[in-house]
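Chemist:
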Amino acid sequence: MNFKLNETQLSGVFLIQRTRFNDERGYFTEFFREDFFKSQFTEINFVQDNLSFSRKGVIRGLHFQKLPFSQGKLVSVIHGKILDVAVNLKKSSKDFGKYVMAELSEENCYSLYIPDYCAHGFVALEDSYVLYKTTEYYHKESERGIRYDDPDIGVKWNMANPVISDKDLKLPSFKKLIKEGDYF
82 MNFKLNETQL SGVFLIQRTR FNDERGYFTE FFREDFFKSQ FTEINFVQDN
132 LSFSRKGVIR GLHFQKLPFS QGKLVSVIHG KILDVAVNLK KSSKDFGKYV
182 MAELSEENCY SLYIPDYCAH GFVALEDSYV LYKTTEYYHK ESERGIRYDD
232 PDIGVKWNMA NPVISDKDLK LPSFKKLIKE GDYF
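Residues in the sequence shown are numbered consecutively from 82, following the working numbering.
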């Protein structure tokens, strides 16, 4: 197999190292192999691929979808570099409200698997194309999120003057999310 699975500090979130084959023409790498993922995660079935482009300094997130439309994600960088973030929203977990961050880039060939009970976001450290596979289709009515700068979660984005959409700036705090019951 051309993949190596690494545990992170958050239960269920995995950093996946892809093998990259380089030669004088360039390089080749596999982003996804169903047989590998089925052998590691028996319950995973990816149904949608998304591609986003973000300029350096953009923060997207922290996003998730409510049940029954919650999405597991496999996040990879096609070109550029990001700091990818997963926040555990599973109330019964010892990691509830905690986050993990991983640098994903074209060069390091890492992908991050984020289970469907986590919020997801990233900051673009360079102009970046991000490919992510999801285990559920996009469902507008189930969209939820948490402010990127929520003090209770405390993500260290390390980006001065980030670019954030108006939509993401209007996301609620973690406390409000909990009060409204928007977690797993």
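Beta carbons are placed, not taken as given, at the ideal position from N, Cα and C, and that holds for glycine. The structure presented is a predicted model; accordingly, all values stated were derived computationally and were not measured.
From what residue to what residue does the beta strand (DSSP E) around residue 130 run?
Modeler: 129-135
Chemist: Buried or exposed for residue 277, going by 16 or more other Cβ atoms inside 10 Å?
Modeler: Look at the range of the chain in this structure, 82 to 265, and you will see that residue 277 is not part of it.
Chemist: Figure out for me which residue from 94, 243, 245 and 247 has the closest Cα to the Cα of residue 155.
Modeler: 94
Chemist: Classify residue 146 as helix, strand or coil using the three-state DSSP reduction.
Modeler: strand
Chemist: Would you grab the beta carbon distance between residue 233 and residue 161 for me? Rounded to a whole angstrom, and I think it's under 8 Å.
Modeler: Going by Cβ atoms, the distance from residue 233 to residue 161 rounds to 30 Å, so no, they are not a contact pair.
Chemist: Look at residue 252 and residue 112 and say whether their C-beta atoms are less than 8 Å apart.
Modeler: no
Chemist: Please confirm whether residue 245 and residue 140 have their CB atoms less than 8 Å apart.
Modeler: yes
Chemist: Specify the secondary structure class of residue 121 as computed by DSSP and reduced to three states.
Modeler: helix
Chemist: Please say whether residue 205 and residue 137 have beta carbons closer to each other than 8 Å?
Modeler: yes
Chemist: Do you know offhand how far residue 173's Cα is from residue 92's?
Modeler: 12 Å
Chemist: If you compare alpha carbons, which of 120, 170 and 100 is closest to residue 263?
Modeler: 170
Chemist: Give the DSSP-derived three-state secondary structure of residue 257 in the structure shown.
Modeler: helix
Chemist: Which partner residues of residue 199 appear in the DSSP bridge assignment?
Modeler: 169
Chemist: Could you name the residues that DSSP lists as bridge partners for residue 88?
Modeler: 95
Chemist: Tell me the DSSP secondary structure of residue 206 in three-state form.
Modeler: coil
Chemist: By Cβ distance below 6 Å, which residues in the same chain neighbour residue 150 in space, the five residues on each side in sequence not counted?
Modeler: Setting aside the 5 residues that flank it on each side, residue 150 is surrounded in the same chain by 217, 220 and 223, each with a C-beta closer than 6 Å to its C-beta; the list follows chain order.
Chemist: Could you pull the start and end residues of the alpha helix (DSSP H) that residue 155 belongs to?
Modeler: It is not in any alpha helix (DSSP H) - residue 155 instead sits in the beta strand (DSSP E) that spans 154-160.
Chemist: Which residues bound the alpha helix (DSSP H) around residue 249?
Modeler: Where residue 249 is concerned, the enclosing alpha helix (DSSP H) stretches over 247-250.
Chemist: Between residue 182 and chain B, is there a C-beta pair that is closer than 8 Å?
Modeler: This model lacks chain B altogether; it includes just one protein chain.
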